[in-house]
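Residue numbers (the numbering used here): 8 to 259.
Cβ atoms here follow ideal geometry from the backbone N, Cα and C, with glycine treated the same way.
All values reported here derive from a predicted model rather than from experimental measurement.
In what follows, a single structure is set out as structure tokens and then discussed.
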């Protein structure tokens, strides 16, 4: 099986079937956990799965595979009182076992500025032959615009014709993003990117996992769709960084 197939099969048994015994089949003995929901090791994950409520379910939106990393984008129902949009990132080891996991979650917002949901849009990666070119474009965008805050080159990377936005507070287009950024700044929530930790790319889909500030320390998870050498769509989760985590690995 491919790494994408391994992660989908494992996640289906763990969080679809809610089968604690799936830990034995799919999780490495030295499993490292970066989520605030569980500690390191297979037993902590087994306890998490065993404690999932009857109404728990996962609604997947898209999957991106890049070497030993596989990212899932979707919605959890039943983790808490409201559904949660999530990015999950798994590292698969050479034995085909889940070896490491990162995640970010944010509540579902039903009334968004763009009228789009936080997860709708194209589901399957396309233009697979352009994976590396798209990775390079988004990496450069992250360095110059997100980290460097040089918005004079924004249109070198983002389409001026089509920019579909799934952040619930931003409308479509560059004007929509600009209005949202101005509103956030008034609230003391400037978009500050300090470090890009991972770039996961497959075809036209490129996921950035970054650290920065948004009024408070946060983890930024930004998923971009690239067409014709320009970013045309954006999904994200901005997750506050907990002051203390139940393990020592941190979020990245």
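What's the gap between the Cα of residue 245 and the Cα of residue 144? Residue 245 and residue 144: Cα-Cα distance of roughly 22 Å.
Report buried or exposed for residue 242, applying the criterion of at least 16 other Cβ atoms within 10 angstroms of its Cβ. Per the 10 Å Cβ criterion, buried.
Please report how far the alpha carbon of residue 130 lies from the alpha carbon of residue 67, in whole angstroms. Their backbone Cα atoms lie some 9 Å apart in a straight line.
Evaluate the contact criterion for the stretch 127-142 versus the stretch 182-197: three or more CB pairs, one atom per stretch, below 8 Å. In short, these stretches do not touch, since the Cβ pair count stays below three.
By a C-beta neighbour count over all protein chains shown, 10 Å radius and 16 as the cutoff for buried, is residue 49 buried or exposed? By the 10 Å Cβ count, residue 49 comes out buried.
Three CB pairs or more closer than 8 Å across the stretch 49-60 and the stretch 165-181: As far as the Cβ criterion goes, the stretch 49-60 does not touch the stretch 165-181, which means the pair count is below three.
So, helix, strand or coil for residue 145, using DSSP? Correct three-state label for residue 145: helix.
Do residue 47 and residue 39 have their CB atoms nearer than 8 Å? Yes, the Cβ-Cβ distance between residue 47 and residue 39 is below 8 Å.
According to DSSP, is residue 169 helix, strand or coil? Coil, per DSSP.
Suppose the cutoff is 6 Å on Cβ atoms and the five residues either side in sequence are ignored; what does the same chain contact list for residue 80 look like? The beta carbon of residue 80 is closer than 6 Å to those of 68, 69 and 94 in its chain, skipping five residues each way along the sequence.
Whole-angstrom C-beta distance between residue 232 and residue 240, which should lie under 8 Å: Right, the Cβ-Cβ distance comes to about 4 Å (below 8 Å), so this counts as a contact.
Do residue 214 and residue 228 have their beta-carbon atoms positioned less than 8 Å apart in this structure? Result yes, Cβ atoms of residue 228 and residue 214 sit closer than 8 Å.
So, residue 11 versus residue 77, is the Cβ gap smaller than 8 Å? Taking 8 Å as the cut-off, the Cβ atoms of residue 11 and residue 77 count as close.
In the DSSP assignment, the alpha helix (DSSP H) including residue 190 goes from what residue to what residue? Taken as a continuous stretch (DSSP letters only), the alpha helix (DSSP H) holding residue 190 covers 180-193.
Classify residue 237 as helix, strand or coil using the three-state DSSP reduction. Strand.
Looking only at its own chain, which residues have a Cβ that is under 6 Å from the Cβ of residue 256, when we skip the five neighbours before and after it? Confidence in residue 256 is poor, its pLDDT being 47 and thus under 50, which makes the residue's placement unreliable; the coordinate value appears in the next sentence. 39 and 41.
Endpoints, alpha helix (DSSP H) assigned at residue 30: Residue 30 -> alpha helix (DSSP H) spans 29-33.
Give the DSSP bridge partners of residue 92, in chain order. Residue 92 is bridged to 82 and 113.
In this structure, how does DSSP classify residue 176 when only helix, strand and coil are distinguished? In the three-state reduction of the DSSP assignment, residue 176 falls in the coil class, being assigned neither a helical nor a strand state.
Would residue 28 be called buried (16 or more neighbouring beta carbons within 10 Å of its own) or exposed? Label assigned to residue 28: exposed.
DSSP on residue 230, reduced to helix/strand/coil? Three-state DSSP puts residue 230 in a strand.
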